[in-house]
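Everything on this sheet refers to the single structure shown next.
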Ligand code: TXA
Ligand code: MG
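In the numbering used here, the protein residues as written are 527 to 838.
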């Protein structure tokens, strides 16, 4: 854990760390974020491991602006209007994800939507630019704790991790961004109140839909929203039978897709959603999944697997 003043040299060192798949604590105008290269699934998995999240919440990918957003999401004119009014700034847009977006499936927790925000903070903007990639970043606190608005708060939260913390002083807003989902039909829903008020948003696009009144993707826990495989899942399977495909972990049959042959839980988390989707797309009626140790990020993997097994 190293706190460094966010000058040009520190930003460039942090960008190098990000390109190498390491984590960086980045100041934004809302709260400090725990950032990783959003296109690197292993790096994204490290975020969940560091936060100690018992489940995979979808993360916000931080980008430079609307042109960047168009590479990752389909922005309905309503979403575009919001982006043009509030970006750069404390608005996060959740929109249908383009299938060819390089953002890792894990960053979207396997959803078909993606959360995007162009922050206003000059250090965050410089870091996105220097890293040359969208930066996935949740608030830089351990799961269930308060969002850090100062570099030292982030250091207290993530004490043991070997991470560069870019210190740019206290965050000016100190409150997380407002999260608005805009679907392909242009219906807009407030998913999380935040630094930009509902009234400010409604002044631009008219009344927001009430959460639950629409089928747009919502935050997990609020609505049925996670990607659920078509196939049935059989968990803690030591082997697979003839009518099943096998998703291995650690030592496993050589023909099977393996979440992590070396038994690394962070690697397994990085592969989880993409591999489930791949096996599902191959049309298997049942995916038999090897036992995953319920320790560290393994708890989040097992949480996700048991939801997918129960989703029917
Ligand atoms: O101000 C902020 O938003 C800060 C700074 C660092 O940008 N970030 C932040 O991230 O608060 P986090 O991970 O703590 O909260 C992200 C919120 C969660 O409520 C999550 O469920 C929602 O955004 N979210 C992200 N992707 C989503 C998606 N595809 N669908 C629905 N909700 C999504
Ligand atoms: Mg948070």
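Glycine is no exception: its CB is placed at the ideal position from the N, C-alpha and C atoms.
Might you give, ordered along the chain, the residues of its own chain that have their beta carbon closer than 8 Å to the beta carbon of residue i, omitting 5 neighbours on each side?
i	result
residue 745	Residue confidence is low: residue 745 scores 45 on pLDDT, short of 50, so the model does not pin down where it sits. Its coordinate-derived value is still stated next. For residue 745, where only same-chain residues beyond five positions count, the Cβ hits under 8 Å are 583, 584, 705, 717, 718 and 751.
Residue i: beta carbon under 7 Å from a heavy atom of the ligand TXA?
i	result
residue 663	yes
residue 616	yes
residue 586	yes
residue 637	yes
residue 625	no
residue 581	no
residue 724	no
residue 535	no
residue 669	no
Just to confirm, does residue i get its C-beta within under 7 Å of one of the non-hydrogen atoms of the ligand MG?
i	result
residue 673	yes
Are the Cβ atoms of residue i and residue j separated by less than 8 Å?
i	j	result
residue 826	residue 580	yes
residue 905	residue 710	Examination of residue 905 is not possible in this model, given that the chain is present from 527 through 838 alone.
residue 589	residue 672	no
residue 707	residue 792	no
residue 564	residue 629	yes
residue 550	residue 690	yes
residue 662	residue 587	yes
residue 814	residue 760	yes
residue 576	residue 560	yes
residue 721	residue 737	no
Take residue i and list the residues in its own chain whose beta-carbon comes closer than 7 Å to its own, dropping the five residues that flank it on each side.
i	result
residue 795	571, 574, 632, 823, 826 and 827
residue 531	693
residue 541	653, 656 and 657
I'd like the list of long-range same chain contacts for residue i, defined as Cβ closer than 6 Å, with 5 residues on each side in sequence excluded.
i	result
residue 554	645, 647 and 650
residue 747	Note that residue 747 scores 38 on pLDDT, short of 50, meaning its location in the model is unreliable; the coordinates nonetheless yield the value given after this. Same-chain partners within the cutoff: there are none.
residue 615	646
residue 785	775, 794 and 797
residue 539	none
residue 569	547, 562 and 563
residue 558	551, 666, 674 and 680
residue 528	690
Quick check on the burial criterion: 16 or more other C-beta atoms within 10 angstroms. Buried or exposed for residue i?
i	result
residue 830	buried
residue 762	exposed
residue 702	buried
residue 534	exposed
residue 766	buried
Segment contact, 8 Å Cβ cut-off, at least three pairs: the segment 539 to 552 with the segment 764 to 782: no
Spell out a yes or no on whether the segment 722 to 733 and the segment 792 to 804 are touching, meaning 3 or more CB-CB pairs, one atom from each, closer than 8 Å. no
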